[in-house]
Amino acid sequence: MKTNGLVVAIGNDHTAYEFKQPIIKFLHTEGYQILDLGTNSSEPVDYPNFGFNVANAIVSKKADFGIVICGTGIGISIATNRINGVRCALCYEEEIVRLARLHNDANVLALGARIISDYKAVELVKLFLNTKTSDEKRHQLRVAKLK
Ligand code: RB5
């Protein structure tokens with residue numbers, strides 16, 4: 001299988017074990033290297049642990065991008081954003097994904113498994129990974145203040 005040179009870390013709680021499977025299939029088909037940091041069953045777990053797993057993969061440069069998923073996406077996005085160097089955006093719609101990359105240089109996408117369909121999730125992941133951050137100075141200066 002040919003890789004595209006990019007590593008995507010994925011972390012989720014029990015609400016998203018089934019939900020993440022089409023995302024993993026998509027990433028695999030597109031040639032991304034996947035760092036699956038769990039959980040890998042429907043047994044209840046605590047979402048912060050899996051957000052931290054992905055955040056640590058990003059800041060240690062083991063992954064280029066991250067995807068985190070819990071029931072709403074809220075808890076795991078809060079956890080992931082606690083680690084300095086992570087810019088995690090919770091997105092339910094395409095336009096928000098586009099702006100999260102363009103204006104905020106988001107490096108982690110958070111999704112809500114109980115809120116959106118798995119089809120929508122794959123569409124959002126595709127857009128997230130294919131949208132470049134803006135090269136406009138004003139956005140770069142603002143993002144620099146987040147680091
Ligand atoms: C688990 O029941 C649920 O609370 C969790 O997945 C998430 O939605 C928290 O924000």
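So the sequence shown is numbered by my numbering: it starts at 1 and just counts up by one.
Every residue gets a Cβ at the ideal spot worked out from N, C-alpha and C, and that includes glycine.
It should be emphasised that the depicted structure is a prediction, and the values quoted were computed from it without experimental measurement.
8 Å CB neighbourhood of residue i in its chain, flanking five on each side removed
i, result
"Y32", "T3, N4, L6, V7, V8 and L129"
"T131", "V97, R98, R101 and L102"
"G66", "V8, A9, I10, G11, V54, A55, A57, I58, T80, V86, C88, N107, V108 and L109"
Alpha-carbon spacing of residue i relative to residue j, whole angstroms
i, j, result
"G75", "K137", "32 Å"
"H14", "D135", "38 Å"
"V97", "L127", "7 Å"
"G148", "I83", "Lying before the first or after the last residue shown, residue 148 is absent from the chain, which here runs from 1 to 147."
"Y92", "L124", "8 Å"
"V54", "N107", "11 Å"
"V45", "P22", "21 Å"
"L141", "F50", "30 Å"
"F52", "A144", "22 Å"
Where residue i falls, given that 16 or more other Cβ within 10 Å makes a residue buried
i, result
"R194", "With the chain covering only 1 through 147, there is no way to say anything about residue 194."
"K20", "buried"
"A121", "buried"
"S77", "buried"
"A63", "buried"
"A57", "buried"
"A110", "buried"
Close beta carbons around residue i, own chain, < 6 Å, minus the five adjacent residues each side
i, result
"P48", "A79"
"A16", "I69 and A113"
Contacting residues, own chain, Cβ-Cβ under 7 Å from residue i (five flanking each side not counted)
i, result
"I34", "V8, I10, I24, L27 and H28"
"E30", "N4"
Could you name the residues, in chain order, whose CB is less than 5 Å away from a heavy atom belonging to ligand 1? D13, T15, C70, G71, T72, I74 and G75
Mind the definition here: the segment 65–84 touches the segment 113–122 only if three or more C-beta pairs lie below 8 Å; say whether that holds. Verdict: yes, contact present.
Counting Cβ pairs closer than 8 Å, one from the segment 31–42 and one from the segment 86–104, do we hit at least three? no
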